[in-house]
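Sequential numbering from 45 applies to the sequence shown in the numbering used here. Think of the CB as a built atom: it goes at the ideal place given N, C-alpha and C, for glycine as much as any other residue. None of these values were measured; they are calculated from a predicted model. One structure below.
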Amino acid sequence: MRPLFLVALTAAALLASLALSLAYDTRAPDVVLVDGLRLVCGDQHTHQYLSFDARVHPMDVLYTIRRQNNDFITLTDHNTALGGDLVRAWAGLLGLDTLVITGEEVTTSSWHIGALGIQTTVSRWLTLNETLDEIHRQGGIAVANHPTRKFHQNLLPAFESGKIDGLEWVNTAPYYEGKHPEVQEFIAILESRGLLDRAVKIGTSDSHFADSLGQATTCLLVPRLDRDSVLQAMRERRGAVAWQGKFQAQEPWATRLNQNPEALAKIQFGRPIPPQAAGLLFLGLMGAALFLRKVE
Ligand SMILES: [Zn+2]
Ligand SMILES: [Zn+2]
């Protein structure tokens, strides 16, 4: 009977955590139209279990998007593109049609490149130029992640070659808090060389923990919400950074949206955070283990 008990209690804990998660906020994201296009927002730089240095359950990823009124999420685990598949599998299990975009953070000691919308893992052992070519060959978007000083020397020629599509303008990971001046320094270099407008400005959380997911996002104007439209909007630089409840990167339409309460309501972050799904699952399993010890 014991294995059966364990299976039943594990299933009960899982169902309870699912029910609590999904019952919290099951609304579809609000639709805001700007000049006939739909405003969609999502976190473009996120890590979960497959990054090994992250502690985010795939269910937490889905749960947070819904809670924050976001439209999509891009999984960018270190040197693997499997995270997107994993989270999509969970979405399928839960019957959710959330848009999950496959990505990777190609992580080396000389650059961290966000590879968004790729099909399969891009090797970390390529040169930067080869990495960017491979991302584009797969139909993806290449983003210069957190361009701190140690990366400037490598990233600058890549910007000059026109192979970088996006610049991480805001990254809310605590590690980078003290590094903002280095990012600003890089932005100033790009501006002085007339390269700044070649890349869409990206806002991300770079979250490794569930409670920091979606703290900054990239908002894009798209004809419809699907992967290809999101990627195309980035290529055409129809994007603005959403952070601290308003649009940060000053595209003219984003400046206009800062006066639009309906659009601002879409990026009201900081909703109350209920217990995390994975944490509930863990508590459920602990309870099951304790119960089994008692009935022995
Ligand atoms: Zn990184
Ligand atoms: Zn990262």
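Pull the bridge partners of residue i from the DSSP assignment, please.
i, result
"arginine 82", "Leu77 and Val266"
"aspartate 87", "Ile117"
"serine 251", "Thr90"
"threonine 146", "Leu119"
"asparagine 215", "Thr248"
In this structure, does DSSP put residue i in helix, strand or coil?
i, result
"glycine 258", "coil"
"alanine 125", "coil"
"arginine 271", "helix"
"phenylalanine 291", "strand"
"valine 187", "strand"
"proline 319", "Any answer about proline 319 is weak, because its pLDDT of 47 lies below 50 and its placement is not dependable; what the coordinates show is given next. If DSSP states are grouped into helix, strand and coil, proline 319 belongs with coil."
"leucine 172", "helix"
"isoleucine 157", "strand"
"valine 100", "coil"
"glycine 286", "One detail in the question is off: residue 286 reads as alanine in this sequence, not glycine. Alanine 286 falls in the strand class under three-state DSSP."
"threonine 151", "strand"
"glycine 210", "strand"
"glycine 238", "coil"
Between residue i and ligand 2, is there a pair consisting of the residue's CB and a ligand heavy atom that are separated by less than 6 angstroms?
i, result
"aspartate 209", "no"
Alpha carbons only, please: which of the options is nearest the one belonging to residue i?
i, options, result
"aspartate 97", "Asp115, Asp250, Gln88 and Arg237", "Asp250"
"methionine 278", "Val187, Asp115, Ala260 and Thr54", "Val187"
"alanine 217", "His190, Asp241 and Pro225", "His190"
"leucine 119", "Val105, Gln112, Arg110 and Asn304", "Val105"
"glycine 206", "Arg237, Val227, Gln182 and Gly222", "Arg237"
"arginine 115", "Arg300, Leu269 and Phe291", "Checking the displayed sequence, the identity of residue 115 turns out to be aspartate instead of arginine. If we check each option's Cα against that of aspartate 115, Leu269 comes out closest."
"valine 244", "Tyr219, Leu160 and Leu336", "Leu160"
"asparagine 215", "Gln292, Leu126, Gln182 and Ala133", "Gln292"
"arginine 281", "His252, Leu257 and Leu240", "Leu240"
"asparagine 302", "Ala202, Arg271, Val78 and Asp74", "Val78"
Could you tell me if the beta carbon of residue i falls within a distance shorter than 6 angstroms of some heavy atom in ligand 1?
i, result
"histidine 156", "yes"
"asparagine 189", "yes"
Which residues neighbour ligand 2 when neighbourhood means a C-beta less than 5 angstroms away from any of its non-hydrogen atoms? List them by chain order. Every residue passing the under-5 angstroms Cβ criterion appears here: Glu149 and Asp250.
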